[in-house]
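Peer 1: Under my numbering, the residue at position 242 of the sequence shown is numbered 275, and the numbers go up by one with no gaps.
Cβ atoms here follow ideal geometry from the backbone N, Cα and C, with glycine treated the same way.
The structure's right below; bear with me while I get my questions together.
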Amino acid sequence: MFSTIRKWAEFVKLSHTVFALPFALAAMVVAARDTRGWPGWRTFGLILIAMVCARTCAMAFNRIVDRKFDAANPRTAMRHLPAGQISLASAWTLCLLSAGGLIAAAYLLNPICFYLSPVALFFVCFYSLTKRFTDFTHVFLGIALALAPIGAWLAVQGEINFFPRVDGVLSLKHSFFLPLLLALAVVFWLIGFDIIYAIQDYEFDKSHGLHSLVVRWGVSNALASAFLSHMLMVMVLVVFGLLSRFKFAFLIGIAIIALLLLIEHFLARRRSLNWVQNAFFRLNALVSALFLLVTAIEVVFPFFRIK
34 MFSTIRKWAE
44 FVKLSHTVFA
54 LPFALAAMVV
64 AARDTRGWPG
74 WRTFGLILIA
84 MVCARTCAMA
94 FNRIVDRKFD
104 AANPRTAMRH
114 LPAGQISLAS
124 AWTLCLLSAG
134 GLIAAAYLLN
144 PICFYLSPVA
154 LFFVCFYSLT
164 KRFTDFTHVF
174 LGIALALAPI
184 GAWLAVQGEI
194 NFFPRVDGVL
204 SLKHSFFLPL
214 LLALAVVFWL
224 IGFDIIYAIQ
234 DYEFDKSHGL
244 HSLVVRWGVS
254 NALASAFLSH
264 MLMVMVLVVF
274 GLLSRFKFAF
284 LIGIAIIALL
294 LLIEHFLARR
304 RSLNWVQNAF
314 FRLNALVSAL
324 FLLVTAIEVV
334 FPFFRIK
């Protein structure tokens, strides 16, 4: 039983949930700041279910549509579908069940989440097709993951309000601008580290007509664009923090995140042993976890603010 669970978890790269989930939870915490960042167990549980289902659907769809390319690539030839460990019918079943799970969770959350759930499904699946026709495939992956903080915010707030008033006074720290800024930061973040991840398939993608900025611009130029993208992410997070009226803990956290991103690019340029595992997975997992931590500290313990 455990081996079966492990196989399916590896099939959809469940461990990579650590990338988008913390940003979704950070948006949830900020959206629920009037109750110290906690929206209640029901909303929290439904957000988790929606996140896991959306990502499972997206990854299953990715594995399905890429199975022929995976079979031809020595790095991915032993993935579950090309290796015959999981049948195509089973993969489609998981994909469709996960899509249904997302829609059901959205329905139980509130009307706006339910109405927008098909839009979310479209974007998280559409990314898998983009490498066939655009060099900017990394942008589409960023958009797909950027839906996580927007969805979590809407799950708590249940509405889109750019200029909310609290006790008759305009309160931008409750504004829908916040999840949009967070989404923009996620887009820049994803562009950067997906470019780094794509370097390992540079030769294969180039020879098989698959698109990416690495293929289009070459490794050195692509790494430069990834660095720029990550610096833009840091800038957007600073704006997010200012609009949220975060101070001490958040600024320290952003400084550490910037340092982690610099280390990531140092490792990517060296491309030493296990560089992808270190630069892609561990450091980016730390970035997202740290962002959630400092955001939660600012909301749950507001006395950290320097007035």
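On the CB-based measure, 16 or more other CB atoms within 10 Å of its CB, does V199 come out buried or exposed?
Peer 2: In the sequence shown, the residue the question calls residue 199 occupies position 166. Exposed, by the Cβ-count rule.
Peer 1: DSSP three-state label for R249, please.
Peer 2: Residue 249 sits at position 216 when you count from the first residue of the sequence shown. Three-state DSSP puts R249 in a helix.
Peer 1: So, at 6 Å on beta carbons, what are the nonlocal neighbours of A259 in its own chain, with the 5 sequence-adjacent residues on each side left out?
Peer 2: By one-based count along the sequence shown, residue 259 stands at place 226. Hits under 6 Å: G225, I228 and I229.
Peer 1: Where do the ends of the alpha helix (DSSP H) carrying G191 lie?
Peer 2: Along the sequence shown, one-based indexing puts residue 191 at 158. Looking at the DSSP string, G191 is not in any alpha helix (DSSP H), and its letter there is neither H nor E.
Peer 1: Can you tell which of S277, R88 and S262 has the C-alpha that lies nearest to the C-alpha of A291?
Peer 2: On the sequence shown, residue 291 is found 258 positions in, with the first residue counted as 1. The shortest Cα separation from A291 among S277, R88 and S262 belongs to S262.
Peer 1: Once the 5 residues before and after S208 are set aside, which same chain residues still bring their CB inside 8 Å of it?
Peer 2: Numbered from 1 along the sequence shown, position 175 holds the residue referred to as residue 208. Same-chain partners within the cutoff: N194, F195, F196, P197 and L276.
Peer 1: Measuring only the C-alpha atoms, how far is K340 from K46?
Peer 2: Your numbering for residue 340 matches position 307 in the sequence shown. Your numbering for residue 46 matches position 13 in the sequence shown. The predicted position of K340 is uncertain, since its pLDDT is 47 and thus under 50; a value taken from the coordinates is nonetheless stated next. K340 and K46: Cα-Cα distance of roughly 43 Å.
Peer 1: Using the Cβ count rule (16 or more neighbours within 10 Å means buried), how would you classify M84?
Peer 2: Counted from its first residue, the sequence shown places residue 84 at position 51. Label assigned to M84: buried.
Peer 1: Starting from the C-beta of P55, find all residues in its chain whose C-beta is less than 8 Å away, skip the five residues before and the five after it, and write them out in chain order.
Peer 2: Start at 1 with the first residue of the sequence shown, and residue 55 comes out as number 22. Around P55: S321, A322, F324 and L325.
Peer 1: According to DSSP, simplified to helix, strand and coil, what is I330?
Peer 2: Position 297 of the sequence shown, counting from 1, holds the residue named residue 330. I330: helix per DSSP, three-state reduction.
Peer 1: Compute the Euclidean distance between the alpha carbons of A104 and A93, then round it to the nearest angstrom.
Peer 2: Stepping through the sequence shown from its first residue, residue 104 is reached at position 71. Stepping through the sequence shown from its first residue, residue 93 is reached at position 60. So the two alpha carbons sit approximately 16 Å from each other.
Peer 1: Quick one: grab the DSSP three-state call for R75.
Peer 2: Numbered from 1 along the sequence shown, position 42 holds the residue referred to as residue 75. In this structure, R75 counts as helix in the three-state DSSP scheme.
Peer 1: With DSSP run on the structure shown, which of helix, strand or coil describes R198?
Peer 2: The sequence position of residue 198 within the sequence shown is 165, counting from 1. R198 falls in the strand class under three-state DSSP.
Peer 1: State yes or no: is the C-beta of A282 within less than 9 Å of the C-beta of V189?
Peer 2: Taking the first residue of the sequence shown as position 1, residue 282 is located at position 249. Taking the first residue of the sequence shown as position 1, residue 189 is located at position 156. Cβ distance not < 9 Å, so A282 and V189 don't count as in contact.
Peer 1: Quick one: residues in its chain with C-beta nearer than 7 Å to the C-beta of G191, no 5 flanking neighbours on either side, listed in chain order?
Peer 2: Here residue 191 refers to the residue found at position 158 of the sequence shown. The answer, listed in chain order, is N143 and I145.
Peer 1: Within 8 Å, do at least three Cβ pairs link the segment 107 to 116 to the segment 148 to 157?
Peer 2: No: the two stretches stay apart, fewer than three of their Cβ pairs being nearer than 8 Å.
Peer 1: Which term fits D67, buried or exposed, when burial requires 16 or more other beta carbons within 10 angstroms of its beta carbon?
Peer 2: If you number the sequence shown from 1, residue 67 lands on position 34. Exposed, because fewer than 16 other Cβ atoms sit within 10 Å of the Cβ of D67.
Peer 1: Give a yes or no on whether the C-beta atoms belonging to L58 and C90 are separated by under 9 Å.
Peer 2: Counted from its first residue, the sequence shown places residue 58 at position 25. Counted from its first residue, the sequence shown places residue 90 at position 57. No, they are not a contact pair.
Peer 1: Check this for me: beta carbons of I97 and L81, under 9 Å apart or not?
Peer 2: Start at 1 with the first residue of the sequence shown, and residue 97 comes out as number 64. Start at 1 with the first residue of the sequence shown, and residue 81 comes out as number 48. Their beta carbons are not under 9 Å apart, which means I97 does not touch L81 by this criterion.
Peer 1: Once you ignore the five residues that flank F77 on each side, which residues in its own chain have a CB closer than 8 Å to its CB?
Peer 2: Residue 77 sits at position 44 when you count from the first residue of the sequence shown. Taken in chain order, the residues that qualify are M61 and W71.
Peer 1: Whole angstroms are fine: how far does the CA of L300 sit from the CA of L306?
Peer 2: Taking the sequence shown and counting its residues from 1, the one referred to as residue 306 is at position 273. Taking the sequence shown and counting its residues from 1, the one referred to as residue 300 is at position 267. With a pLDDT of only 48 at L306, under 50, the local geometry of the prediction cannot be trusted, and no value is derived from it.
Peer 1: Pop quiz: F221 and M266 are said to be a contact at Cβ under 8 Å. What is the actual Cβ separation, rounded to whole angstroms?
Peer 2: Here residue 221 is taken as the residue at index 188 of the sequence shown, counted from 1. Here residue 266 is taken as the residue at index 233 of the sequence shown, counted from 1. Yes, they are in contact, since the Cβ atoms of F221 and M266 sit about 4 Å apart, within 8 Å.
Peer 1: Just curious, the alpha helix (DSSP H) that D238 is in, first and last residue?
Peer 2: Taking the sequence shown and counting its residues from 1, one reaches residue 238 at position 205. Y235 to S240 is the span of the alpha helix (DSSP H), which, as asked, contains D238.
Peer 1: Could you check what DSSP says for D227 in three-state terms: helix, strand or coil?
Peer 2: Position 194 of the sequence shown holds residue 227. Three-state result, D227: helix.
Peer 1: Check whether the Cβ atoms of L246 and H298 sit closer than 9 Å, and answer yes or no.
Peer 2: In the sequence shown, counting from the first residue as 1, residue 246 sits at position 213. In the sequence shown, counting from the first residue as 1, residue 298 sits at position 265. Against a cut-off of 9 Å, the Cβ pair of H298 and L246 comes out as no contact.
Peer 1: For V248, I'd like the list of residues in its chain whose CB is within less than 6 Å of its CB, leaving aside the five on either flank, ordered along the chain.
Peer 2: Mapped onto the sequence shown, residue 248 falls at position 215. For V248, where only same-chain residues beyond five positions count, the Cβ hits under 6 Å are D238 and K239.
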